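All residue numbers for the sequence shown refer to the numbering used here, where the first residue is 45 and numbers rise by one. Backbone N, C-alpha and C define an ideal beta-carbon position, used for all residues, glycine too. None of these values were measured; they are calculated from a predicted model. See structure below.
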Amino acid sequence: MIHIFDIECFRYDWLVVFKDISTGEYTVIHNDNAAVKRFMTADRLLCGFNSKHYDNHILKAILCGADNALVKEINDYIISGRQGFEHWFIKENKAWFDSFDIRDDMQQGLSLKAIEGHLGLNVEETSVPFDIDRPLTEVELEEVIEYCKHDVDTAEKLVKLRKNYLKCKQMLGEMKGIPAQKALYMTNAKVTAAYLGARKQEWDDGRVYEYPPNLDKDIIPKEVIEFFDTINDTSIPDEKLFKTSLTINIGNCPCKFAWGGVHGSLLCYNEQSTDSRVIQNRDVSSLYPSLIIEYNYLSRNVESPEFFKQTKDIRIKAKHEGDTETANTLKLPLNIVSGATEQSYNDLYDPRQARSMRITGQMFLTELAVKLITACKTFKMLNLNTDGIMYSVDKNELPIVDRICKEWEQNSRFELETDNLKAVWIKDVNNLLSVDVKGKIKTVGGYLNHGIVDNKGAWNINNNAVIVKKAIIDYFVKGIPVEKTITECNDIFEFQFIAKAGTKYKEAYHLVNDEKIPVQKVNRVYASKNPIYGKLHKVKASDDSEAKIESLPDHCIIDNDNKLTIDDVDKQFYIDMAQKRINDFLGIKPEKVRKTRKKKLTKKDWAKFWKEVFEILEGCYE
C-alpha cells in the first residue's frame, strides 16, 4: 500500500500529509507524535520527493518522540546543507519504515515547484514564512495544509509518470531475490550493482590504460594519442588531469576529446540529400555494453562477468520474442553499469575499468572516422560523438564507405546501425536537427528539445517556450514561417517560461513600474505587451547580491495560478526569439548598430548657432 507523504516544519508546528495512492484519501497529522506512530503501525510503503534527504529524517525524529523544538532543530540542520543522518538525535535513535524517493535518478537541480510549472499545474508556495516565531493561526495552518497537499498531489503524478521506471527497478530486484521495497529505495546505479552481485573493493590502478591490440593506433592523430597518454604522467594529479581536454580538427570538423567522451561538429551547417549525395548517421549499437563484454571492462567488483553477457543475451532474445517487459527491465543494468562504475560511492566503482572503456570507445570511433576521411574524396564529416558518426558523401563512394564500415565492425567486434537522412541542420555540437528519409525527426539540444525525457540518462522535463522550439522545427522541416506557427497557436502553456531562482538564492522579486515586488522563487511567466512589467531578479543568500533570472523576456507577467489567457501574451516576442534562433542555426549574425560619432563643434559652428538663436528671438519680438 503506497502512501505519498510530505512534511512542513515551523518553530512551534509541524505537519505531515499522507495520501493513499489507491483511494486518494488524505491523512493530515499536526503536532501529534502518537498519531503518526499509530498511522505507521500498518504495513505502508511511503514515497516522497527528496524524502531521502529531508522528510525521512524528520519522520524518524517524530516517531522517536522528538518535541517541536527538536524537530525544528533537525529541520534547520538539514536545510543548512548538512546530512540528516549526522544529527545526534537521528544517530542515537532508530525507527524503521519502508520508503522510496521519486526524485531519484532525476536531473540535478530539478525542483518540485519547477516540475509543477512544467506540467502546467499551479505553482503554489505558502505565504506563511517558515521562520515564523509563534504558533500558526488556524487560517495559516489551513493554508499550509493545502500547500502540503498540493505537493503530495504533484509527487503522486510523478509516480504515475515514472511507473515504468519504478517497475523496472522492482522487476530487476525480483530477479535477484531483492524485496520490492528495497529495490524501489535504491537508485538505478545501486540496484544495478546489487543485481550484478558487486562487492566494493579498493583499487590503486586507476591511472593504468592499455590500448587494445586490434586498434590501428598509427592512423589516429598523434595529438589524440599524446593526450590520452598523459594518464601515465603521475606528476599531474587526478583532480587536474581528468578536467583536461583536447580540441583538434578531424576532417575539418572541430572535435573535443575528453576523459568522458568525444564530441565534434561542424558549426552553422545544413545540408539536404540529393540524387547524387547521401547523408548518413552510423551509431554503434549498445557501445558501452559491447565494450564491457568484448574488452573485459566490467567492474572487477562483479563476481561473474559471464552473468553480464547472459543478461545482454537474454534481453536480445526477449526483444525478438516481443517480451517488452523483460527487455525493458534488463536494459536498465546494461545501460547503467558504465556510469555506476565511475561512481565512488557505488559497489561497482572501478576507475581503471571505467576510464579504459571511455578511452577505447573514443579511439575506435576516431579510427573509423579517419579511415573514411582518408579513403573517400567526397566524404564530409558533420558530427562525431561518443558512439556514432554523421557524414555526407557522394553516392558513387558509398560502396567504399560500406566496405570500410564492415571491415571496422569485424575488427572492432562492434555493430553499426545506419540511418539514412533526408536533411540535417547543425547549430553546434549541442544543437542539431535531422529528418530521415521516412520523415522521422530527431532533435538534440536546448534549442529544440522539450517535454519529458525518461528514456536516456536522468529523468527530466522542460516545457519552456515550447512554441519557439516547434516553430523552429516546422520552419526547417516543413518550410512553415515562424509567424504562422506562433500566431495560430492558442495554447498558453506553449508560451510559458518557468523562472527559477536556484538554491543559492534566498528570495526573488519582480520589477513592476521600477518597483521591486517580492515573488516566489519559482514562477510561471510569459512575455507581456505591457512595458510596466520588467524582468525577475534573484537575491543571493550569502552576500545579498542581485542578478537577473536568466533567459526571460524583458517584459514578464507572472501567472502561477493559470488565470491569464492567450490575449495577455506578446506573441511577437516568441516570433522574434524563434527567428533569432533560426539565424543562429544558419550562422546569420545580427547587424551591428553603427554608433554615430559626435562631431566636435568649432568656434565657427558656435557662432553660426548663436546667430540663428538671436534671429529667432528677434522674430518673436517684432
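Of the residues assessed, N100 falls on the buried side of the cut-off, its CB having 16 or more other CB atoms within 10 angstroms. Here DSSP, grouped into helix, strand and coil, assigns L310 to coil. About 27 angstroms separates the beta carbons of I380 and T288, which is beyond the 8 angstroms limit, so they are not a contact pair. Beta-bridge partners of R396 (DSSP): none assigned.
Considered as a whole, the stretch 64-149 harbours 70-74, 89-92, 142-145 as its complete beta strand (DSSP E) runs of no fewer than 3 residues, in chain order. Exclusion of the five residues before and after P349 leaves L342 as the residues of its chain whose Cβ lies within less than 6 angstroms of its Cβ. Annotation: the continuous alpha helix (DSSP H) that includes Y239 extends over 232-239. Comparing C-alpha distances from E52 to each of D145, F174, Y70, M215 shows the shortest one belongs to F174. Under the DSSP assignment, R326 falls in the beta strand (DSSP E) whose first and last residues are 321-328. Looking at the DSSP output, W503 bridges to M150. By alpha-carbon distance to S171, the top candidate from S586, F458, L180, E369 is L180. Distance from the CA of R55 to the CA of I123, rounded to the nearest whole angstrom, comes to 14 angstroms.
Rounded to the nearest whole angstrom, the CA to CA distance from M215 to A552 is 44 angstroms.
At a Cβ-Cβ threshold of 9 angstroms, T410 and I275 do not count as neighbours.
The C-beta distance from I542 to H162 rounds to 6 angstroms, short enough to fall under 8 angstroms. In the DSSP secondary-structure assignment, N340 is not bridged to any residue. Take N166, set aside five residues on each side of it, and the residues of its chain with a beta-carbon closer than 8 angstroms to its own are E160, H194, N604, D605, N606, in chain order. Boundaries of the alpha helix (DSSP H) harbouring W452: 442-456, taken from the DSSP string. Note that the stretch 308-315 does not touch the stretch 376-394; fewer than 3 beta-carbon pairs, one per stretch, sit closer than 8 angstroms. The beta carbon of I280 is closer than 6 angstroms to none in its chain, skipping five residues each way along the sequence. Residue state for L228 is assigned as helix, using DSSP reduced to three classes. In this structure, Y253 is the residue among A86, Y253, Q616 with its C-alpha nearest to the C-alpha of R399. Take the alpha-carbon of F423 and the one of T531: they are about 41 angstroms apart. According to the DSSP secondary-structure assignment, L59 is paired through a beta bridge with E52, H74. Of H494, I561, Y332, the smallest CA-CA separation from I516 is found for H494.
In the three-state scheme derived from DSSP, where H, G and I count as helix and E and B as strand, N379 is classed as helix. Following the DSSP letters along the chain, one finds M45 in no beta strand (DSSP E), marked with neither H nor E.
In the structure shown, P173 adopts coil according to DSSP, grouped into three states.
The Cβ atoms of C312 and D472 lie closer than 9 angstroms to each other. Sorting P597, D463, L630 by C-alpha distance to the C-alpha of I619 places P597 at the top. By the C-beta criterion, the stretch 124-131 is judged not to be in contact with the stretch 218-236, since fewer than 3 inter-stretch pairs fall below 8 angstroms.
Three or more Cβ pairs closer than 8 angstroms define a contact, and the stretch 327-335 meets that threshold against the stretch 423-436. A distance of 9 angstroms or more separates the beta carbons of V566 and K201. For R359 and E369, the gap between their C-alpha atoms comes out near 10 angstroms.
Secondary-structure assignment with DSSP links Q316 through a beta bridge to A467. For the beta strand (DSSP E) assignment, the uninterrupted runs of no fewer than 3 residues enclosed by the stretch 548-615 are, from N- to C-terminal side, 549-556, 559-563, 566-571, 577-584, 590-592, 600-602.
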